[in-house]
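For reference, the structure discussed in these notes is given below.
2 protein chains.
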Amino acid sequence: MQNRSVTIKDIAKMLNISVATVSRALRDTYDVNAETRQKVLDMARQLNYKPNFNATGLAKGSTHNIGIVLPFITNYYFSTVITGIQEIAYENGFNITLYLTNDSEERELSIIENLSVSSLDGLLVSTSSLSSVHFQELIDMGIPVVFFDRVAKEVVTSKVMQDDFNGAVEATEHLVKNGYRNIAHITGPRGLILTEKRVQGYLSVLEKYQYPVREEWIVYSGFSQESGEGDVNHLLQSADMPDAIFASNDRKAVGAMQALKKRGIAIGSEIGVIGFTNDPISTIISPTLSTIAEPAFDIGKKSCELLLKHITKKNFIPEEVILPCRLIERESTRR
Amino acid sequence: MQNRSVTIKDIAKMLNISVATVSRALRDTYDVNAETRQKVLDMARQLNYKPNFNATGLAKGSTHNIGIVLPFITNYYFSTVITGIQEIAYENGFNITLYLTNDSEERELSIIENLSVSSLDGLLVSTSSLSSVHFQELIDMGIPVVFFDRVAKEVVTSKVMQDDFNGAVEATEHLVKNGYRNIAHITGPRGLILTEKRVQGYLSVLEKYQYPVREEWIVYSGFSQESGEGDVNHLLQSADMPDAIFASNDRKAVGAMQALKKRGIAIGSEIGVIGFTNDPISTIISPTLSTIAEPAFDIGKKSCELLLKHITKKNFIPEEVILPCRLIERESTRR
DNA sequence: CTCCATTCCGGTAACGTTCTCGCTATTAAA
DNA sequence: TTTAATAGCGAGAACGTTACCGGAATGGAG
Numbered sequence: 001m002q003n004r005s006v007t008i009k010d011i012a013k014m015l016n017i018s019v020a021t022v023s024r025a026l027r028d029t030y031d032v033n034a035e036t037r038q039k040v041l042d043m044a045r046q047l048n049y050k051p052n053f054n055a056t057g058l059a060k061g062s063t064h065n066i067g068i069v070l071p072f073i074t075n076y077y078f079s080t081v082i083t084g085i086q087e088i089a090y091e092n093g094f095n096i097t098l099y100l101t102n103d104s105e106e107r108e109l110s111i112i113e114n115l116s117v118s119s120l121d122g123l124l125v126s127t128s129s130l131s132s133v134h135f136q137e138l139i140d141m142g143i144p145v146v147f148f149d150r151v152a153k154e155v156v157t158s159k160v161m162q163d164d165f166n167g168a169v170e171a172t173e174h175l176v177k178n179g180y181r182n183i184a185h186i187t188g189p190r191g192l193i194l195t196e197k198r199v200q201g202y203l204s205v206l207e208k209y210q211y212p213v214r215e216e217w218i219v220y221s222g223f224s225q226e227s228g229e230g231d232v233n234h235l236l237q238s239a240d241m242p243d244a245i246f247a248s249n250d251r252k253a254v255g256a257m258q259a260l261k262k263r264g265i266a267i268g269s270e271i272g273v274i275g276f277t278n279d280p281i282s283t284i285i286s287p288t289l290s291t292i293a294e295p296a297f298d299i300g301k302k303s304c305e306l307l308l309k310h311i312t313k314k315n316f317i318p319e320e321v322i323l324p325c326r327l328i329e330r331e332s333t334r335r
Numbered sequence: 001m002q003n004r005s006v007t008i009k010d011i012a013k014m015l016n017i018s019v020a021t022v023s024r025a026l027r028d029t030y031d032v033n034a035e036t037r038q039k040v041l042d043m044a045r046q047l048n049y050k051p052n053f054n055a056t057g058l059a060k061g062s063t064h065n066i067g068i069v070l071p072f073i074t075n076y077y078f079s080t081v082i083t084g085i086q087e088i089a090y091e092n093g094f095n096i097t098l099y100l101t102n103d104s105e106e107r108e109l110s111i112i113e114n115l116s117v118s119s120l121d122g123l124l125v126s127t128s129s130l131s132s133v134h135f136q137e138l139i140d141m142g143i144p145v146v147f148f149d150r151v152a153k154e155v156v157t158s159k160v161m162q163d164d165f166n167g168a169v170e171a172t173e174h175l176v177k178n179g180y181r182n183i184a185h186i187t188g189p190r191g192l193i194l195t196e197k198r199v200q201g202y203l204s205v206l207e208k209y210q211y212p213v214r215e216e217w218i219v220y221s222g223f224s225q226e227s228g229e230g231d232v233n234h235l236l237q238s239a240d241m242p243d244a245i246f247a248s249n250d251r252k253a254v255g256a257m258q259a260l261k262k263r264g265i266a267i268g269s270e271i272g273v274i275g276f277t278n279d280p281i282s283t284i285i286s287p288t289l290s291t292i293a294e295p296a297f298d299i300g301k302k303s304c305e306l307l308l309k310h311i312t313k314k315n316f317i318p319e320e321v322i323l324p325c326r327l328i329e330r331e332s333t334r335r
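Chain order of the listed sequences is A and B. No gaps in the numbering here: position 217 of the first sequence is 217 in full-length UniProt numbering, and each next residue is one more. No gaps in the numbering here: position 71 of the second sequence is 71 in full-length UniProt numbering, and each next residue is one more.
Next up, the structure:
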């Protein structure tokens, strides 16, 4: 093993001073002469010294590491959130380690079970499970957790999400204003706050305009394109067809559009479609897809900022941040 | 600080045995009685013991951590590769920490400079810079590096990539067989192996069929949708227009298609378009996009497997793995 | 000239784990 | 029965860093 890297001992030996002084010099300037501090820094650079995070972690009880737990990264929303997280983490000298649950409750549990809590300063999570005791346990053990997007209701900690309720209101109201009257909503699984809020927003608009509300026009399923297709096929079997579809997700909306196209139904003129996310595909598909833009990047940044506050200030009071969405009108809702 | 977590000392104290025995019992079964081993495991579970990776890392000189360095994750290819990496890492009890370079050479350098090499067992990288001395330094320091996709020519280590040459051959030949004769190629930046190989594959087919080769029909630029649009606008200014476009990337192909649509040029019948990647958008855009499917997930898995071999076997002989691509015919190349 | 406060530095014990070595039983061989 | 081998365990150092505390040197006030 020739790859023994240089340590503060080496620096100390070189300068004939103690490791304690070197350690102080490298961090804060407390109790150390400006001149010796400079000598230490110079020598550190010269020897190409890199701090050993394991040792620091052991001694200080804190690492430069935060974990991200989320369902997957192969979609626009999550990959953009991560990019935002990474931006803030990088600026503050934190590393991020990634845990993918594949949207499986089991796997999420197993990940949390086997987490080396001692090598993590905090956790950013978008959960895939309805229960949240495993996260509560983490918090009780003293490691801060911040939720984003798919948040856990019961846990008291900081949470960051888009304004799902008002986003849904805007989407539905946009359909109303464009002359659609029989509006269906295809959405994610029950139990998710995100799902509930969007349904509430949708219903509130129907109520406001005294438009028809039908049980069978609210379809709960997954977030994938396939489920969007399935949902529409299901909807079109009902006796009275809706003339507009609000999908809780652009991928679902795309699936819906594909299903409509297959049946020769004209999107826009016959049935309006609006999505949620502002995934780039919404500008690529034809007709282009109206949608509610989510501030994914900012959600990532904000989540990370909050987590860092939890980490640095021991008794930081949890904040729930709701970032606004924005309606983007395109062709799919034009009559 | 009430969050002192349980250590092997606690287990040892509970069972009235030494920490050394506990340590051995928790790992291999070497030098420890089956019965005591069981008692230790039971007690560990009962106390909810989680190993401290920092301590392990310090003592063993190895962490359970591998780093991934890549340009970004907000596209289908890279996010899928990461998912593959993560799969293998998870199976083997490794964590992955993510470093995004934003496709900036500067940032990549800064990341490598500040890397805490001691907290990393190995590195998986898709580089954004033409030079590669910084990676060579890492390898010299004894930390294994495996390249994927955007590999560094000069560094001797394991590399995993798709078969860019033959993929390009298949794409070009597919255009030839569908009756296109004047075939242009819009591709990524010069200097990338991946770019070079695809150009070579493209040229080899033109040569084979003795089809026209024009300097101005090979356009080097970026990988984005915008650059695809720009490339086509540039191409259409040339005196003799091509009747087919081979794009080195689906996003570029989409940009190209958008540009063609804007000019009212019929895709397929007038100008054929084929991409590379098999991004899901290729089935969503209309007409659907023919493309060369890359084995992104398998590239991730294979890269990680190789890295783990480098990590465990000190003198593992580097392997260069080339995974096959696959032609997918869709509407954009149908006359 | 004495005394005290301040500045700066060093020694040393932690942090949680693994590793090396040596010791004690126990078993097998003679 | 004696001896050698082996299985199982413990003591203590080490990994690189930080935290705590004590002490030497310096300067200024009296």
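Note that CB positions come from ideal geometry on N, CA and C, so glycine has one too.
* What did DSSP end up calling H134 of chain B once you bin it into helix, strand or coil? -> Stepping through the second sequence from its first residue, residue 134 of chain B is reached at position 134. Taken through DSSP and simplified to helix, strand or coil, H134 of chain B comes out as helix.
* Is G122 of chain A helix, strand or coil by DSSP? -> Locating residue 122 of chain A in the first sequence gives position 122, where the first residue counts as 1. Looking at G122 of chain A - three-state DSSP - the assignment turns out to be strand.
* Outcome for G57 of chain B when other beta-carbon atoms lying within 10 angstroms are tallied against a minimum of 16 -> One-based indexing of the second sequence puts residue 57 of chain B at position 57. It counts as buried.
* Candidates A:D10, A:T83 and A:L235, of which the one nearest E216 of chain A by Cα -> The residue you call residue 216 of chain A lines up with position 216 of the first sequence. When each option's Cα is compared against that of E216 of chain A, the closest is A:L235.
* State the Cα-Cα distance for the pair V160 of chain B and A89 of chain A, rounded to the nearest angstrom. => The count along the second sequence starts at 1 and reaches residue 160 of chain B at position 160. The count along the first sequence starts at 1 and reaches residue 89 of chain A at position 89. One Cα belongs to V160 of chain B, the other to A89 of chain A, and the distance between them is close to 29 Å.
* To do: Measure from the C-beta of N16 of chain A to each C-beta in chain B and report whether the shortest distance is under 8 Å.
  => Here residue 16 of chain A refers to the residue found at position 16 when the first sequence is read from its first residue. So, not an interface residue.
* To do: For the beta strand (DSSP E) holding A253 of chain A, just list the boundary residues, first then last.
  => Within the first sequence, the letter at position 253 stands for residue 253 of chain A. Counting along the chain, no beta strand (DSSP E) covers A253 of chain A; the unbroken alpha helix (DSSP H) around it starts and ends at D250 to K262.
* Asked: Could you give the distance in angstroms between the alpha-carbon of V169 of chain A and the alpha-carbon of I73 of chain A?
  -> What you label residue 169 of chain A is simply residue 169 of the first sequence in a count that begins at 1. What you label residue 73 of chain A is simply residue 73 of the first sequence in a count that begins at 1. For V169 of chain A and I73 of chain A, the distance between alpha carbons rounds to 28 Å.
* To do: Using a Cβ-Cβ cut-off of less than 7 Å, list which residues of the UniProt domain "HTH lacI-type" (6-60) of chain A approach chain B; keep chain order.
  => Within the UniProt domain "HTH lacI-type" (6-60) of chain A, the qualifying residues are K50, P51, N52, F53, N54, A55, G57 and L58.
* Between I143 of chain A and V125 of chain A, what straight-line distance do the alpha-carbon atoms span, to the nearest angstrom? -> Residue mapping note: residue 143 of chain A aligns to position 143 of the first sequence, counting from 1. Residue mapping note: residue 125 of chain A aligns to position 125 of the first sequence, counting from 1. Whole-angstrom Cα-Cα distance: 13 Å.
* Chain-ordered residues of the segment 252-266 of chain A with a beta carbon less than 7 Å from chain B -> Within the segment 252-266 of chain A, V254 place their CB atoms closer than 7 Å to a CB of chain B, listed in sequence order.
* To do: Report yes or no: do three or more beta-carbon pairs, one from the segment 271-284 of chain B and one from the segment 249-262 of chain B, lie closer than 8 Å?
  => Touching, per the Cβ criterion.
* Under a CB-based cut-off of 8 Å, is F246 of chain B close to chain A? -> For the purposes of this step, residue 246 of chain B is taken as residue 246 along the second sequence, with counting starting at 1. No, F246 of chain B lies away from the interface with chain A (no Cβ there is under 8 Å from its Cβ).
* Grouping DSSP H, G and I as helix and E and B as strand, with all else coil, what is I143 of chain A? -> For the purposes of this step, residue 143 of chain A is taken as the residue at position 143 of the first sequence. If DSSP states are grouped into helix, strand and coil, I143 of chain A belongs with coil.
* Counting along the chain, where does the beta strand (DSSP E) carrying H185 of chain A start and finish? -> For the purposes of this step, residue 185 of chain A is identified with residue 185 of the first sequence, where counting begins at 1. Note, H185 of chain A: beta strand (DSSP E), I183 to T187.
* Three or more C-beta pairs closer than 8 Å, one from the segment 206-222 of chain A and one from the segment 167-184 of chain A: is that the case here? -> Yes, since at least three Cβ pairs between the segment 206-222 of chain A and the segment 167-184 of chain A fall closer than 8 Å, the two stretches touch.
* Asked: In or out: T29 of chain B buried (at least 16 other Cβ within 10 Å) or exposed?
  -> The count along the second sequence starts at 1 and reaches residue 29 of chain B at position 29. Counting other Cβ atoms within 10 Å of its Cβ, T29 of chain B stays below 16 and is therefore classed as exposed.
* To do: Would you check if the distance between the CB atom of A296 of chain A and the CB atom of Y77 of chain A is smaller than 8 Å?
  => If you number the first sequence from 1, residue 296 of chain A lands on position 296. If you number the first sequence from 1, residue 77 of chain A lands on position 77. For the pair A296 of chain A and Y77 of chain A, the CB atoms are nearer than the 8 Å cut-off.
* Asked: What separation, rounded to the nearest whole angstrom, lies between the Cα atoms of K309 of chain B and I17 of chain B?
  -> Here residue 309 of chain B corresponds to residue number 309 of the second sequence, with the count starting at 1. Here residue 17 of chain B corresponds to residue number 17 of the second sequence, with the count starting at 1. Computed Cα separation, rounded: 36 Å.
* Asked: Which ranges does the beta strand (DSSP E) cover as unbroken runs of at least 3 residues, wholly within the segment 71-96 of chain A, from first to last along the chain?
  -> Given a length threshold of 3 residues, the segment 71-96 of chain A has no whole run of the beta strand (DSSP E) inside it.
* Is any beta-carbon of chain A found at less than 8 Å from that of F148 of chain B? -> For the purposes of this step, residue 148 of chain B is taken as residue 148 along the second sequence, with counting starting at 1. No, F148 of chain B lies away from the interface with chain A (no Cβ there is under 8 Å from its Cβ).
* Asked: Considering residue 368 of chain A, what are the terminal residues of the beta strand (DSSP E) in which it resides?
  -> Outside the shown range of chain A (1 to 335) lies residue 368 of chain A, about which nothing can therefore be said.
* Asked: Contact between the segment 63-71 of chain B and the segment 118-138 of chain B: three or more CB pairs below 8 Å?
  -> Contact holds: three or more Cβ-Cβ distances are below 8 Å.
* Euclidean distance between Cα positions of E331 of chain B and L289 of chain B -> Start at 1 with the first residue of the second sequence, and residue 331 of chain B comes out as number 331. Start at 1 with the first residue of the second sequence, and residue 289 of chain B comes out as number 289. So the two alpha carbons sit approximately 6 Å from each other.
* Asked: For Q162 of chain A, does the count of other Cβ atoms within 10 angstroms reach 16, so buried, or fall short, so exposed?
  -> Numbered from its first residue, the first sequence carries residue 162 of chain A at position 162. Looking at its Cβ environment, which holds 16 or more other Cβ atoms inside 10 Å, Q162 of chain A is buried.
* Best match in B:V176, B:V145, B:I186 and B:G201 for proximity to N166 of chain B [C-alpha to C-alpha] -> On the second sequence, position 166 is the one that residue 166 of chain B refers to. The shortest Cα separation from N166 of chain B among B:V176, B:V145, B:I186 and B:G201 belongs to B:G201.
* Mind checking if I317 of chain B is an interface residue toward chain A, Cβ cutoff 8 Å exclusive? -> Numbered from its first residue, the second sequence carries residue 317 of chain B at position 317. Closer than 8 Å: no.
* To do: State the Cα-Cα distance for the pair N233 of chain B and A256 of chain B, rounded to the nearest angstrom.
  => As a first step, residue 233 of chain B must be located in the second sequence, where it is residue number 233. As a first step, residue 256 of chain B must be located in the second sequence, where it is residue number 256. Answer to the nearest angstrom: the Cα atoms are 8 Å apart.
* **Sequence-distant residues of its chain with Cβ nearer than 7 Å to L260 of chain B (five each side left out)** => For this step, residue 260 of chain B is matched to residue 260 along the second sequence. Only residues of its own chain outside the window of five on either side were considered, and among them V232, I267 and I271 have a CB closer than 7 Å to the CB of L260 of chain B, listed in chain order.
* **Residues, ordered as in the chain, of the segment 94-110 of chain B that lie near chain A by beta-carbon distance below 7 Å** => Under the 7 Å Cβ criterion, the segment 94-110 of chain B contributes N95, I96, T97, L98 and L100.
* Thinking E105 of chain B and S129 of chain B are a contact (beta carbons under 8 Å), I'd like their distance in whole angstroms, please. => Within the second sequence, residue 105 of chain B is the residue found at index 105, counting from 1. Within the second sequence, residue 129 of chain B is the residue found at index 129, counting from 1. Indeed they touch by this definition, with Cβ atoms about 4 Å apart.
* Excluding the five sequence neighbours on either side, which residues of its own chain have a C-beta within less than 7 Å of the C-beta of M1 of chain A, listed in chain order? -> Start at 1 with the first residue of the first sequence, and residue 1 of chain A comes out as number 1. The predicted position of M1 of chain A is uncertain, since its pLDDT is 30 and thus under 50; no value can be drawn from it.
* Are the CB atoms of I311 of chain A and A171 of chain A nearer to each other than 8 Å? -> For this step, residue 311 of chain A is matched to residue 311 along the first sequence. For this step, residue 171 of chain A is matched to residue 171 along the first sequence. No, the Cβ-Cβ distance between I311 of chain A and A171 of chain A is not below 8 Å.
* **P324 of chain A, buried or exposed, once every other Cβ within 10 Å from all chains shown has been counted against 16** => Walking along the first sequence from the start, residue 324 of chain A turns up at place 324. With fewer than 16 neighbouring CB atoms inside 10 Å of its own CB, P324 of chain A falls in the exposed class.
* Asked: Under the DSSP definition of a beta bridge, which residues are partnered with residue 343 of chain B?
  -> As shown, chain B starts at 1 and ends at 335. That puts residue 343 of chain B outside it, with no answer to give.
* Under the three-state reduction of DSSP, which class applies to Q2 of chain A: helix, strand or coil? -> For the purposes of this step, residue 2 of chain A is taken as the residue at position 2 of the first sequence. In this prediction, Q2 of chain A has a pLDDT of 39, which is less than 50 and means its spatial position is unreliable; nothing more can be read from the coordinates.
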